[in-house]
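*Asks:* So that we are looking at the same thing, I have put the structure below in structure tokens.
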Amino acid sequence: MDFQVGIVSEGVEDVSVISDCVMVGIFSKLEWEETDWPQGLDIQGEIFFLSSCHHTCTSSLYSFFIHFSSCKSSSIFIQMIPQQESDFDHNYLKPYYGKLFPFADIFKWMTYGHDGKHPGCDQSYFGRREFSFTLKGDFYLRFQSFNNALELENSIKEKCPLKIDIGPVYTVDPAKRHAYAQGDNNVFAPVERELIFDIDMTDYDDVRYCCRGADVCLNCWPLMTIAIKVIDTSLRDDFGFKHILWVYSGRRGVHCWVCDGKARRLTNEQRASIADYYRVYKGNENSHKKVSLMGAALHPFLATSYTNVLKDYFEKILLTSQNLLATEERYEKILSMIPDESIASELRGKWQDSRRSSSAKEDINVVRWEQCKQLLQSGKHKAQGLRRCVEEIVFFFTYPRLDMEVSKHMNHLLKAPFCVHPKTGRVCVPIDPNQCDEFDPTTVPTLFQLLEELNNEGLRADVNGEWNGTSLGNAITLFRSSFLEPLQKACKEEIERSYNLKLQQSKNSVGW
Amino acid sequence: MEIVRPQSHRNLFSSNDAVSVPSLPLYRSAPPLEVRLEDFESFAIDRLRVLKGISDGLSRGKKPEEMEKLVKELWKVNMRHQHASEVLNKDIISHFVLRLVYCRTEDLRKWFLSMECALFRYRFRFLTPEAQRAVMDNFDLTCRAVNNVEFESIKEKLGQVARSMGQPSPTVDAIFYKVPFEEVPELVAGRKVFISQGYAYVAMNQVVSLVATLFRSQLSKTLILTNRVAINCCRKWTSSIREQEKHRLTPIVEALSSSYLGPDFSQPREYAEISLKDIDQVAKSSFPLCMRHLFDKLKEDHHLKHGGRMQLGLFLKGVGLNLEDALAFWRAEFSKKVGLEKFEKDYSYNIRHNYGKEGKRTDYTPYSCQKIISSTPGAGDQHGCPYRHFSEENLRAALSRMGVNSRAMEDVMDKVRNRHYQLACTLTFEALHGMTCDAGINHPNQYFSDSQKILQPKKDSSAQNLVTARE
Ligand SMILES: [Zn+2]
Numbered sequence: 001m002d003f004q005v006g007i008v009s010e011g012v013e014d015v016s017v018i019s020d021c022v023m024v025g026i027f028s029k030l031e032w033e034e035t036d037w038p039q040g041l042d043i044q045g046e047i048f049f050l051s052s053c054h055h056t057c058t059s060s061l062y063s064f065f066i067h068f069s070s071c072k073s074s075s076i077f078i079q080m081i082p083q084q085e086s087d088f089d090h091n092y093l094k095p096y097y098g099k100l101f102p103f104a105d106i107f108k109w110m111t112y113g114h115d116g117k118h119p120g121c122d123q124s125y126f127g128r129r130e131f132s133f134t135l136k137g138d139f140y141l142r143f144q145s146f147n148n149a150l151e152l153e154n155s156i157k158e159k160c161p162l163k164i165d166i167g168p169v170y171t172v173d174p175a176k177r178h179a180y181a182q183g184d185n186n187v188f189a190p191v192e193r194e195l196i197f198d199i200d201m202t203d204y205d206d207v208r209y210c211c212r213g214a215d216v217c218l219n220c221w222p223l224m225t226i227a228i229k230v231i232d233t234s235l236r237d238d239f240g241f242k243h244i245l246w247v248y249s250g251r252r253g254v255h256c257w258v259c260d261g262k263a264r265r266l267t268n269e270q271r272a273s274i275a276d277y278y279r280v281y282k283g284n285e286n287s288h289k290k291v292s293l294m295g296a297a298l299h300p301f302l303a304t305s306y307t308n309v310l311k312d313y314f315e316k317i318l319l320t321s322q323n324l325l326a327t328e329e330r331y332e333k334i335l336s337m338i339p340d341e342s343i344a345s346e347l348r349g350k351w352q353d354s355r356r357s358s359s360a361k362e363d364i365n366v367v368r369w370e371q372c373k374q375l376l377q378s379g380k381h382k383a384q385g386l387r388r389c390v391e392e393i394v395f396f397f398t399y400p401r402l403d404m405e406v407s408k409h410m411n412h413l414l415k416a417p418f419c420v421h422p423k424t425g426r427v428c429v430p431i432d433p434n435q436c437d438e439f440d441p442t443t444v445p446t447l448f449q450l451l452e453e454l455n456n457e458g459l460r461a462d463v464n465g466e467w468n469g470t471s472l473g474n475a476i477t478l479f480r481s482s483f484l485e486p487l488q489k490a491c492k493e494e495i496e497r498s499y500n501l502k503l504q505q506s507k508n509s510v511g512w
Numbered sequence: 001m002e003i004v005r006p007q008s009h010r011n012l013f014s015s016n017d018a019v020s021v022p023s024l025p026l027y028r029s030a031p032p033l034e035v036r037l038e039d040f041e042s043f044a045i046d047r048l049r050v051l052k053g054i055s056d057g058l059s060r061g062k063k064p065e066e067m068e069k070l071v072k073e074l075w076k077v078n079m080r081h082q083h084a085s086e087v088l089n090k091d092i093i094s095h096f097v098l099r100l101v102y103c104r105t106e107d108l109r110k111w112f113l114s115m116e117c118a119l120f121r122y123r124f125r126f127l128t129p130e131a132q133r134a135v136m137d138n139f140d141l142t143c144r145a146v147n148n149v150e151f152e153s154i155k156e157k158l159g160q161v162a163r164s165m166g167q168p169s170p171t172v173d174a175i176f177y178k179v180p181f182e183e184v185p186e187l188v189a190g191r192k193v194f195i196s197q198g199y200a201y202v203a204m205n206q207v208v209s210l211v212a213t214l215f216r217s218q219l220s221k222t223l224i225l226t227n228r229v230a231i232n233c234c235r236k237w238t239s240s241i242r243e244q245e246k247h248r249l250t251p252i253v254e255a256l257s258s259s260y261l262g263p264d265f266s267q268p269r270e271y272a273e274i275s276l277k278d279i280d281q282v283a284k285s286s287f288p289l290c291m292r293h294l295f296d297k298l299k300e301d302h303h304l305k306h307g308g309r310m311q312l313g314l315f316l317k318g319v320g321l322n323l324e325d326a327l328a329f330w331r332a333e334f335s336k337k338v339g340l341e342k343f344e345k346d347y348s349y350n351i352r353h354n355y356g357k358e359g360k361r362t363d364y365t366p367y368s369c370q371k372i373i374s375s376t377p378g379a380g381d382q383h384g385c386p387y388r389h390f391s392e393e394n395l396r397a398a399l400s401r402m403g404v405n406s407r408a409m410e411d412v413m414d415k416v417r418n419r420h421y422q423l424a425c426t427l428t429f430e431a432l433h434g435m436t437c438d439a440g441i442n443h444p445n446q447y448f449s450d451s452q453k454i455l456q457p458k459k460d461s462s463a464q465n466l467v468t469a470r471e
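Order-wise, the sequence lines are chains A and B.
So the first sequence is numbered by the UniProt record's numbering: it starts at 1 and just counts up by one.
So the second sequence is numbered by the UniProt record's numbering: it starts at 1 and just counts up by one.
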């Protein structure tokens, strides 16, 4: 059996050094049947996998796989000293969870209408949802579940997690999964999960020159705006989804939750098919090196994305803001994408001495791009391979880069909206896809700002919660009006419909 | 014994050509006919040969054209019947018998489902357009055809999709089907269809993909329910079988389910197939690289970390090392490093544990290739699949130590580069044994027993037969 674990701070027995991370011993044998405890367990030997940065963790987190021959529970407690101390004091989170975090809204969302009032409601629905918490000290608690809003709220207030992740809805209560694992057939399996997308700026490092890695600025953020526009439009127009939530990830990217009933019940194969529908990069999923657009036409989805979004953002924004053609090193990158060596060298020749001749009026990037386009699309180069070349370059610099694995599997976790990013202190607020051009990651409210606002406001009780007087107000209003309310309405209708259908069926079967 | 032939089926194909595949049943209900016990078994075995052939072809990475040829051939050879009129019955009966056999565990269901679907897909392609239409009618596809008005409104988009795949734009009389996109995942994944408002527009020449998905989900649903249902229809079929023959049915079903996926290494076996004194010798001749490496490392370092102890220990249990010998084996090595006392105190427990003698007393099963390949060894660990986890340099060195020649080595490395680790292992097996291994390597213990079969050919020659359990 392999487990994923994390946690705890006392009862240290042994110290072993593994890789670049210090492990501090196994904490507790309580979870084990005394007889099953491997005698003289050498910790170093037992932990055979240590991966940095599990996708659900922040960069200072690690997850472990522990292997024992037998074990009753997966809650093995291990403490580790994180590589980096978090520069974010979690004590600020107490008042945030205490006064600002919109528990009721998250609960309403996660019940999908199964909130007990209608006879067709599935009372167990919310309780089968996995939550997972990352606690201070980089401890990782998986498979948390709650029967109602109050339990969720109390647990979060008590544990004060740095991060809350949301997992799938399982066949049975995930906290009691071991009790169900006895028989031959393991009934514990995910049954519903939002279709999710994770887009991270670090995947764009080879097409932005302003910042690298975890940093973002207003020059590269348009790449995220493009991703939201392209994916959101297609999810609605192509796949017919309606209940889509976009959330700022708190630092360098965006998350997307597609919440229609139909989306939540997709199989892994169907999820993978959608993820692949959005994929234009050849070869390895982690290498974005080559965009390949074959054929005499672009698929309507790609063609629409190109004309409505990509082309404009490339030519009107990124070309100049990223200075894509300003230096030799940068234009060589684009020339290397032109399969015809004679055209590439013709352009190279032009650009090498254009430094002298270029007029100061016009942006050099724009001038060079026009030259490039003209040559590639001119009559004498009508060959298919080259016609597509302009589009391939634009796609390479603009097209959304999704973390495919996150979308393909039901059991991937994703950070909940309204969490606070532990590094930046920014709240993971929703983004309105219709106004995503206006979204500015650098002005997203931070925890410190909110707490200050809270102090200035004083004790002003409000039925809607105290966030009303803070800059979190707009975010929560947006969450409700553009996402939660239409979603709840649709869920209620769906429950009503399937309830009536069931009634009818049972009537029919009685007659039969 | 009398056989009741259903009249309705005979009408389905008037053709006398016994070789062609005149019709493609959807196996929605078991045929209302009685089956002789002999047919029950032999039909099933014949179909099994087809499915097994497909499975081998796929795992060897055959191309679609090659697969098409293979399936045609397999069907022709195995599924004929001396009476042309019985071909369809044989098809249906064999399917239902295997369904009965294969619904029993998740693994069996999965294998059966994907092989039957592959078979269905190729057979659908062989059909005449009329026969194809008949199948589509059965899935209620006809009513989902796009009407002229809608076609006109999306004509341009459909043309774009066709041209993006290097095909001409559809003409006015082209037929398209409008289905929820969830029903054609492979067409969605390849952007081979126009999708709008949740519906995919599937061209006539793509219909095989749609029909195959529908067939798959129908079969998948019934397989889960089948256990009971299938037993009932089996009873119905065999109701006229004489009482004294009935007891023979269960062993046939048992034998069928264990005969093509290879022996089930998860079952506790008779121990003492190898003894301690032979172990060095068989390790050289018959261990797959993953085990050979652990074995050599253990001899060298007198120690293995937990992952390695589990992988090698359970493998040794699987090849027949009994608990006494296992303890002696590990003790001999570990005591050189950690001393006898520490071994008894710290390690012997785990070994006894693996044999189900301690703790929960579960008999732990040897790891399959899949499990080993997906393991994630860390620093200092020796377990895992060398084809996946070794650097190219180390793998080459290890293979040449085993005696793989340089030509075979390149073939192996080629598979490794394409991430076909089990095929790489299969090629290694073939290079070392000078024989083909059509079934491929799926389990280290299978590697071992196949190797032993070749190296000790005196007995077991009958083991090649598909079904051995019948007296
Ligand atoms: Zn930037």
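Don't be surprised by glycine CBs; every beta carbon is placed ideally from N, CA and C.
Which value, in whole angstroms, describes the spacing of the CA atoms of A227 of chain A and S85 of chain B?
*Replies:* For A227 of chain A and S85 of chain B, the distance between alpha carbons rounds to 60 Å.
*Asks:* Suppose the cutoff is 8 Å on Cβ atoms and the five residues either side in sequence are ignored; what does the same chain contact list for I372 of chain B look like?
*Replies:* Taken in chain order, the residues that qualify are C290, Q311, H383, G384, C385, P444.
*Asks:* Check the Cβ-Cβ distances between Q422 of chain B and every residue of chain A, and say whether any is below 8 Å.
*Replies:* False, the Cβ-Cβ gap to chain A never drops below 8 Å.
*Asks:* Can you pull the chain A neighbours of K110 of chain B, defined as C-beta to C-beta under 8 Å?
*Replies:* The contacting residues do not exist; K110 of chain B stays about 13 Å from chain A at best.
*Asks:* Taking the alpha-carbon of P441 of chain A as reference, which of A:R330, A:L503, A:G253, A:F239 has the nearest alpha-carbon?
*Replies:* The option with the nearest alpha carbon to P441 of chain A is A:G253.
*Asks:* In this structure, how does DSSP classify I92 of chain B when only helix, strand and coil are distinguished?
*Replies:* I92 of chain B falls in the helix class under three-state DSSP.
*Asks:* Quick check: the Cα distance between L455 of chain B and G434 of chain B, rounded to an integer number of angstroms?
*Replies:* When rounded, the distance between both Cα atoms is 11 Å.
*Asks:* Please look up how many angstroms separate the CB atoms of D381 of chain B and G308 of chain B, rounded, as I've assumed it's under 8 Å.
*Replies:* Indeed, because the Cβ distance is near 7 Å, the residues count as touching under 8 Å.
*Asks:* Taking Cβ positions only, does K157 of chain B come closer than 8 Å to chain A?
*Replies:* Judged by the 8 Å Cβ criterion, K157 of chain B is in contact with chain A.
*Asks:* On the premise that I351 of chain B lies in contact with G403 of chain B, defined as a C-beta separation below 8 Å, what is that separation, rounded to the nearest angstrom?
*Replies:* Going by Cβ atoms, the distance from G403 of chain B to I351 of chain B rounds to 31 Å, so no, they are not a contact pair.
*Asks:* For chain B, find out if any of its Cβ atoms is closer than 8 Å to the Cβ of L501 of chain A; answer yes or no.
*Replies:* L501 of chain A does not count as touching chain B.
*Asks:* When you compare the CB of L266 of chain A with every CB in chain B, is at least one pair closer than 8 Å?
*Replies:* Cβ-Cβ to chain B under 8 Å: yes for L266 of chain A.
*Asks:* Near L141 of chain B, which residues of its chain fall below 7 Å by C-beta distance, leaving aside the five closest residues on each side in sequence?
*Replies:* Answer for L141 of chain B: Y177, listed in chain order.
*Asks:* With DSSP as the reference, label R236 of chain A as helix, strand or coil.
*Replies:* Looking at R236 of chain A - three-state DSSP - the assignment turns out to be helix.
*Asks:* What residues come near ligand 1, if near means a beta carbon less than 6 Å from any of its heavy atoms?
*Replies:* That gives A:R208, A:C210, A:C211, A:V216, A:C217, A:N219, A:C220.
*Asks:* Could one say the Cβ of S153 of chain B lies closer than 8 Å to chain A's Cβ atoms, at least one of them?
*Replies:* No, no contact with chain A.
*Asks:* Measure the alpha-carbon distance for A18 of chain B versus A296 of chain A and round it to whole angstroms.
*Replies:* At A18 of chain B the pLDDT is 36, less than 50, meaning the model places this residue with poor confidence and gives no usable figure here.
*Asks:* Comparing the C-beta of H299 of chain A with each C-beta of chain B, is any distance below 8 Å?
*Replies:* Answer yes: the Cβ-Cβ gap between H299 of chain A and chain B drops below 8 Å somewhere.
*Asks:* From A:C372, A:D122, A:M110, pick the residue whose C-alpha is nearest to that of S498 of chain A; which is it?
*Replies:* That would be A:D122, whose Cα lies nearest to the Cα of S498 of chain A.
*Asks:* Should Q144 of chain A be labelled buried (16 or more other beta-carbon atoms within 10 Å of its own) or exposed?
*Replies:* Buried, because 16 or more other Cβ atoms sit within 10 Å of the Cβ of Q144 of chain A.
*Asks:* Within this structure, are the beta carbons of D238 of chain A and A189 of chain B separated by less than 8 Å?
*Replies:* No, the Cβ-Cβ distance between D238 of chain A and A189 of chain B is not below 8 Å.
*Asks:* Quickly, what does DSSP pair D198 of chain A with across the bridge? List them, please.
*Replies:* In DSSP, D198 of chain A forms a bridge with A:H255.
*Asks:* Need the endpoints of the beta strand (DSSP E) that Y199 of chain B sits in, please.
*Replies:* Segment 199-203, the beta strand (DSSP E) holding Y199 of chain B.
*Asks:* Contact defined as beta carbons within less than 8 Å: I believe I199 of chain A pairs with A416 of chain A. What is the distance between those atoms, to the nearest angstrom?
*Replies:* Rounded, the Cβ-Cβ distance is 17 Å, inconsistent with contact.
*Asks:* What residues from chain A crowd round V146 of chain B, counting only those whose CB sits closer than 7 Å?
*Replies:* Here the premise fails: no neighbours, minimum Cβ distance about 16 Å.
*Asks:* Does the region 74-91 of chain B come close enough to the region 40-57 of chain B that 3 or more CB-CB pairs lie under 8 Å?
*Replies:* Cβ pair count under 8 Å is three or more, so yes.
*Asks:* Between the region 413-428 of chain A and chain B, which residues of the former have CB atoms less than 8 Å from a CB of the latter, in chain order?
*Replies:* Residues: none.
*Asks:* Beta-carbon within less than 8 Å of L487 of chain A's beta-carbon, same chain only, minus the 5 sequence neighbours each way: which residues are those?
*Replies:* Closer than 8 Å at Cβ, skipping near neighbours: W109, Y112, H243, C259.
*Asks:* From the DSSP output, which residues share a beta bridge with R426 of chain A?
*Replies:* Looking at the DSSP assignment, R426 of chain A forms a beta bridge with A:T446.
*Asks:* Check each candidate in B:L321, B:K305, B:H303, B:L304 and name the one with the smallest Cα separation from D280 of chain B.
*Replies:* Nearest of B:L321, B:K305, B:H303, B:L304 to D280 of chain B, Cα basis: B:L321.
*Asks:* With a CB to CB cut of under 6 Å and the five nearest residues on each side skipped, what residues in its chain are close to residue 513 of chain A?
*Replies:* Given a span of 1 to 512 for chain A in the structure shown, any question on residue 513 of chain A remains unanswerable.
*Asks:* Taking the continuous alpha helix (DSSP H) assigned at F176 of chain B, which residues delimit it?
*Replies:* No alpha helix (DSSP H) contains F176 of chain B, which is instead part of the beta strand (DSSP E) from 176-180.
*Asks:* Can you list the residues of chain B that I274 of chain A reaches, using a CB-CB cut of under 7 Å?
*Replies:* Result: V188.
*Asks:* Given a limit of 8 Å on CB to CB distance, which residues of the region 199-220 of chain B reach chain A?
*Replies:* Of all residues in the region 199-220 of chain B, Y199 have a Cβ within less than 8 Å of some Cβ in chain A.
*Asks:* Could you check if I495 of chain A is buried or exposed, using at least 16 other CB atoms within 10 Å of its CB as the buried criterion?
*Replies:* Buried is the call here.
*Asks:* Exposed or buried, what is A379 of chain B when buried is set at 16 or more other beta-carbons lying within 10 Å of its beta-carbon?
*Replies:* Exposed.
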